[in-house]
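Visitor: Using the working numbering, count along the sequence shown one by one with no gaps and you end on 536.
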Amino acid sequence: MTINSKDSDIYFMRKALILAKKGLGKVSPNPMVGAVIVKDGVIVAKGYHKRFGGPHAEIEALKQLKQSGGDTRGATFYITLEPCCHYGKTPPCTDAIIRENFSKIVVCNTDPNPLVNGRGIQILKEHGFTVVTGILEHEGRKLNYAYFKYIKTKMPFITVKLAQSLDGKIATASGNSKWISSKPSLKVAHQLRREHDCVMVGIKTVIKDNPLLTVREVKGKSPLRIVLDTNLNIPLDAKILNKDLPGDTIIVTAKDVDLKKVSILKNNGIKLLQVKKDDKGKIDLFDLFYSLGRQGISSILVEGGGEVVYSLLKKRMVDRLILFIAPKIIGYGIGWAFDFGVKNMEDVLRFDHFKFKKLGDDILFEGWF
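1. Quick one: does V442 have its CB under 8 angstroms from some CB of chain D?
2. Using alpha carbons as the reference points, say which of D376, L516, L186 and M367 lies closest to L395.
3. So, are the CB atoms of I464 and D364 less than 8 angstroms apart?
4. Considering only C-alpha positions, which residue in the set K522, D454, S348 and I204 is nearest to F179?
5. To the nearest angstrom, how far is it from the Cα of K438 to the Cα of D176?
6. Could you check whether V355 and L531 sit closer than 8 angstroms to each other, using their CB atoms as the reference points?
7. Are S349 and A212 closer than 8 angstroms when you measure CB to CB?
8. How about L468 and K328: are their beta carbons less than 8 angstroms apart?
9. Would you report the Cα separation of T169 and S352, rounded to the nearest angstrom?
10. Let me check understanding here. Comparing Cα to Cα, which of E474, K433, V274 and P323 lies closest to T300?
11. Under the assumption that K217 contacts G192 (Cβ atoms under 8 angstroms), give the Cβ distance between them as a whole number of angstroms.
12. Do the CB positions of D519 and W503 come within less than 8 angstroms of each other?
13. S172 by DSSP, collapsed to three states: which one?
14. Could you check which residue in D445, G436, K495 and N398 has the C-alpha nearest to that of K410?
15. Going by DSSP, what residues sit across from E533 in a beta bridge?
16. Do G369 and G613 have their beta-carbon atoms positioned less than 8 angstroms apart in this structure?
17. What residue range is occupied by the uninterrupted alpha helix (DSSP H) comprising I130?
18. Please state the DSSP three-state secondary structure of T420.
19. F324 lies in the beta strand (DSSP E); which residues open and close that run?
20. Can you say whether M322 is buried or exposed, counting buried as having 16 or more other CB atoms within 10 angstroms of its CB?
21. How long is the line joining the alpha carbons of L452 and D445, rounded to whole angstroms?
22. Just to confirm the assignment, what range does the beta strand (DSSP E) spanning L191 have?
23. Just verifying my parser: in three-state terms, what is the DSSP assignment at Y215?
24. Residues in the same chain with beta-carbon distance under 7 angstroms from V373, minus the five sequence neighbours each way, listed in chain order, please.
25. I'd like to know whether the C-beta atoms of V419 and L440 end up nearer to each other than 8 angstroms.
26. How would you label K316, buried or exposed, when you count the other beta carbons within 10 angstroms and need 16 or more for buried?
27. When the distance is taken between beta carbons, is A187 closer than 8 angstroms to M199?
28. For K524, is the classification buried or exposed, using 16 other Cβ atoms within 10 angstroms of its Cβ as the cut-off for buried?
29. Between which two residues does the beta strand (DSSP E) containing N276 stretch?
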């Protein structure tokens with residue numbers, strides 16, 4: 168059976184996307200990128216962006232090819248994101264590519280970075296390369312959802328994660344929530360922590376649950392921990408303030424809080440970020456996310472509680488909602504979906520797309536706004 172060129176491009180680009188995903192949680196705020204070099208229908212070299220500041224995927228693949236004694240004559244280069252054409256932490260990848268003899272270069276996504284944004288592809292074309300674009304473009308954008316939003320807006324991608332009962336409760340009336348979801352769901356929750364730049368909760372969650380917010384159920388780096396604490400009510404013995412925890416903790420508070428407590432926390436090595444309040448006297452979330460974006464934070468996992476989630480949804484600031492739905496009925500308890508001000512069905516919050524997945528005893532719902 169003869170395989171046409173487009174089918175072949177899709178097949179090898181999918182291989183490159185699988186490689187790119189290996190950089191998940193390791194390269195932010197850079198994008199995840201994979202690259203494969205194909206000659207006579209066989210992958211002869213491959214590479215991916217392994218860490219922020221490290222060699223790009225194209226360079227890793229070219230290095231592997233040279234080490235094996237191969238060359239690029241007549242080969243096709245599959246790259247999941249347009250090669251960079253500017254000096255950053257590494258030299259331009261286009262410089263390395265134009266020294267080679269590829270017969271074709273296939274690119275999944277154009278890089279929205281204003282320093283690139285089509286210029287990398289144009290440079291390759293000007294040097295005589297045949298460049299094919301848009302292969303598995305949707306899959307590529309989905310892989311780098313946080314990067315695409317961050318590079319365009321300088322605001323982090325916001326994922327809200329909740330575990331709830333079948334009747335929409337996140338805790339009993341007394342506040343008990345351990346454990347609504349199953350062990351497989353807990354593992355996925357820790358994978359989500361590993362994949363994001365930071366994990367965020369409200370002060371009520373800290374006081375009630377005293378969480379660590381670290382990655383434990385899977386291997387990987389613990390994210391930055393952020394606590395929303397308008398009035399700086401955090402107990403000084405909270406587990407999240409333990410200096411021996413991996414990674415950093417930031418307490419986000421208002422600018423008019425107790426200076427003595429501010430001093431105590433700072434002297435204990437705890438970082439504070441003081442931002443303005445909104446018209447309800449709470450942390451101004453837009454101001455906060457803008458500030459975090461300027462610090463290079465491209466993705467945030469919000470784990471609660473209900474008031475924080477409600478505030479974000481009401482302000483239409485959530486990009487993705489992940490629900491672990493357990494086959495349990497709590498009845499009277501604590502929910503998270505409060506009054507969004509919806510009067511008519513055309514005003515309800517809708518998802519652009521969503522999916523369901525069985526996870527242990529639970530159902531995992533993932534919806535994108």
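For every residue, glycine included, the Cβ atom is placed at its ideal position computed from N, Cα and C.
Bear in mind that the values here come from a model prediction, so they are computed numbers and not experimental data.
Guide: Judging by the given coordinates:
1. Absence of chain D from the displayed structure is noted, only one protein chain being present.
2. Each of D376, L516, L186 and M367 was checked against the Cα of L395, and the nearest Cα belongs to M367.
3. Taking 8 angstroms as the Cβ cut-off, I464 and D364 qualify as a contacting pair.
4. Taking only the C-alpha atoms, the option nearest F179 is I204.
5. Looking at the backbone, the Cα of K438 and that of D176 are separated by about 48 angstroms.
6. In this structure, L531 sits near V355, with a CB-CB distance shorter than 8 angstroms.
7. Taking 8 angstroms as the Cβ cut-off, S349 and A212 do not qualify as a contacting pair.
8. The answer is yes: Cβ separation under 8 angstroms.
9. At T169 the pLDDT is 41, less than 50, meaning the model places this residue with poor confidence and gives no usable figure here.
10. Comparing alpha-carbon positions, the option among E474, K433, V274 and P323 lying closest to T300 turns out to be V274.
11. 11 angstroms between Cβ atoms; not a contact.
12. Not a contact, by the Cβ cut-off of 8 angstroms.
13. Helix.
14. Of the listed residues, the one whose Cα sits closest to K410 is G436.
15. Partner(s): I489 and K522.
16. The requested residue 613 is not part of the displayed model; the chain covers only 168 to 536.
17. Outside the modelled stretch of the chain, which goes from 168 to 536, sits residue 130, for which no answer is possible.
18. In the structure shown, T420 sits in a strand (DSSP, three-state: E or B).
19. The continuous beta strand (DSSP E) containing F324 extends over residues F324 to Q331.
20. That one is buried.
21. Near 8 angstroms, if we compare the C-alpha coordinates of D445 and L452.
22. That residue, L191, is in no beta strand (DSSP E); it is neither H nor E in DSSP.
23. For Y215, the secondary structure class from DSSP, reduced to helix, strand or coil, is strand.
24. The residues are V394, I401, A405 and I407.
25. Taking 8 angstroms as the Cβ cut-off, V419 and L440 qualify as a contacting pair.
26. By the C-beta density criterion, K316 is buried, having at least 16 other C-beta atoms within 10 angstroms.
27. Result yes, Cβ atoms of M199 and A187 sit closer than 8 angstroms.
28. K524 comes out exposed.
29. Counted as a single uninterrupted DSSP element, the beta strand (DSSP E) harbouring N276 occupies residues K271 to N276.
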